[in-house]
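Q: In full-length UniProt numbering, the protein residues as written are 1 to 302.
One structure coming up, written as structure tokens, with questions to follow.
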């Protein structure tokens, strides 16, 4: 939409704009680009940009599948470019708080975690590319589950997922992707993680959650609550943190980290290999849901 591009550039004082990606990638004055296009364009655009000497921040999921995501990671390594995935939910202040409790052993040994994101039918539309598997790569599990797996895998590291069992349901007319999904993921640390997502639920409002249960305590997300067993009693030890604008804050932190890594020529703490793992899990989920079997997740080759 050329008129919209012109309007936004005038409104925000943007000195140059492009309506053809080829013009952007070949502009030698451009050092870095943000890829926030429909999923099927992530890999070809990111690979082309890096091959033309540009650093890339890419929206999630990286690719339609693990093969595309792996190509992006390998291209960044080959071309010596900084390639950062938009894994922002791990940077939310409330997630960071839970992470500190887990990392310091305050909850004891984790054994069960569950997370979910359920959206009402009225808050989501599958019109356009999101309802087309060839352009989206998948439905609710890839679209919503990516954000949940971002912070869940981060909180449970260094534990590594070793298998996944998935169930998917497709009930939305004129779409060929699942609108609800459930997954059970086993980790080599003996933690079990369950994931439930849906974007066409008959409910008044959407909600997101994460619960972690350990031998000495539990952590709940959205809102944050930390419970610990102390002197034979269950005690609420939740610290006071601001939850205002936490999602926006996570995006700003991500952008700040990316820009800092570019200016300082340093490695970002948000690694592309983490995003590749999410694509690998999604691929395994879809294999499991179609075969009705648990699917193993072998380690990524060095």
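Backbone N, C-alpha and C fix where the C-beta goes; we use that ideal spot for every residue, glycine too.
All of these numbers come straight from a predicted model, not from anything done at the bench.
1. Which parts of the UniProt domain "GFO/IDH/MocA-like oxidoreductase" (95-218) are runs of the alpha helix (DSSP H), unbroken and 4 residues or longer, counting only runs that do not cross its ends?
2. Would you kindly work out how many angstroms separate the C-alpha atoms of residue 278 and residue 149, rounded to a whole number?
3. Does the stretch 113-130 come close enough to the stretch 206-216 that 3 or more CB-CB pairs lie under 8 Å?
4. Since residue 283 is in the alpha helix (DSSP H), which residue starts that stretch and which ends it?
5. Between 160, 195, 171, which has its C-alpha nearest residue 187's C-alpha?
6. I need the straight-line Cα distance from residue 17 to residue 46, nearest angstrom please.
7. Would you mind reading off the limits of the beta strand (DSSP E) that contains residue 32?
8. Mind checking residue 239: buried by the 16 CB within 10 Å criterion, or exposed?
9. Do you know how far the Cα of residue 2 is from the Cα of residue 287?
10. What residue range is occupied by the uninterrupted beta strand (DSSP E) comprising residue 239?
11. Residue 227 lies in the beta strand (DSSP E); which residues open and close that run?
12. Suppose only complete runs of 3+ residues qualify. What are the beta strand (DSSP E) ranges in the stretch 55-95, listed by chain order?
13. Which two residues bound the contiguous alpha helix (DSSP H) that contains residue 19?
14. Could you work out which residue in 157, 142, 9, 185 is closest to residue 163 when comparing CA atoms only?
15. Which same chain residues, not among the five before or five after residue 178, have their C-beta less than 8 Å away from its C-beta?
16. Considering only C-alpha positions, which residue in the set 128, 196, 84 is nearest to residue 38?
17. Going by the CB atoms, is the gap between residue 33 and residue 41 shorter than 8 Å?
18. For residue 284, collect the residues of the same chain with a Cβ closer than 7 Å to its Cβ; drop the 5 residues on either side in sequence, then sort them by chain order.
19. Contact check, residue 199 vs residue 84 under 8 Å by CB: the rounded distance?
20. Bridge partners for residue 221 per DSSP, in chain order?
21. Taking the CB atoms as reference points, tell me whether residue 50 and residue 87 lie closer together than 8 Å.
A: Taking the structure as given:
1. 133-136, 140-143, 145-156
2. As a first step, residue 278 is located in the chain shown; it is residue number 278 there, counting from the start. As a first step, residue 149 is located in the chain shown; it is residue number 149 there, counting from the start. In a straight line, the C-alpha of residue 278 is about 7 Å away from that of residue 149.
3. yes
4. Locating residue 283 in the chain shown gives position 283, where the first residue counts as 1. Counting along the chain, the alpha helix (DSSP H) containing residue 283 begins and ends at 272-291.
5. For the purposes of this step, residue 187 is identified with residue 187 of the chain shown, where counting begins at 1. The shortest C-alpha separation from residue 187 is found at 160.
6. Counting from one through the chain shown, the residue named residue 17 turns up at place 17. Counting from one through the chain shown, the residue named residue 46 turns up at place 46. Going by the C-alpha atoms only, they are around 18 Å apart.
7. Translated into the one-based positions of the chain shown, residue 32 becomes position 32. 32-35 is the span of the beta strand (DSSP E), which, as asked, contains residue 32.
8. As a working note, residue 239 is residue 239 in the chain shown. The residue in question, residue 239, is exposed, as its Cβ has fewer than 16 Cβ neighbours within 10 Å.
9. Mapped onto the chain shown, residue 287 falls at position 287. Mapped onto the chain shown, residue 2 falls at position 2. Computed Cα separation, rounded: 41 Å.
10. Here residue 239 corresponds to residue number 239 of the chain shown, with the count starting at 1. That residue, residue 239, is in no beta strand (DSSP E); it is neither H nor E in DSSP.
11. As a position in the chain shown, residue 227 is number 227, starting the count at 1. Where residue 227 is concerned, the enclosing beta strand (DSSP E) stretches over 225-230.
12. 55-58, 83-85
13. Locating residue 19 in the chain shown gives position 19, where the first residue counts as 1. That residue, residue 19, is in no alpha helix (DSSP H); it is neither H nor E in DSSP.
14. As a position in the chain shown, residue 163 is number 163, starting the count at 1. Nearest option by C-alpha distance: 185.
15. As a working note, residue 178 is residue 178 in the chain shown. Around residue 178: 138, 139, 140, 141, 168, 169, 170, 289.
16. For this step, residue 38 is matched to residue 38 along the chain shown. The candidate whose alpha carbon is nearest that of residue 38 is 128.
17. By one-based count along the chain shown, residue 41 stands at place 41. By one-based count along the chain shown, residue 33 stands at place 33. No, Cβ-Cβ distance for residue 41 and residue 33 is not below 8 Å.
18. Along the chain shown, read from residue 1 onward, the residue named residue 284 stands at position 284. Hits under 7 Å: 164, 295, 297.
19. Position 199 of the chain shown, counted from the first residue, corresponds to residue 199. Position 84 of the chain shown, counted from the first residue, corresponds to residue 84. Actually they are not in contact, since the Cβ atoms of residue 199 and residue 84 sit about 27 Å apart, beyond 8 Å.
20. Taking the chain shown and counting its residues from 1, one reaches residue 221 at position 221. According to DSSP, residue 221 bridges with 210.
21. In the chain shown, the residue the question calls residue 50 occupies position 50. In the chain shown, the residue the question calls residue 87 occupies position 87. No, they are not a contact pair.
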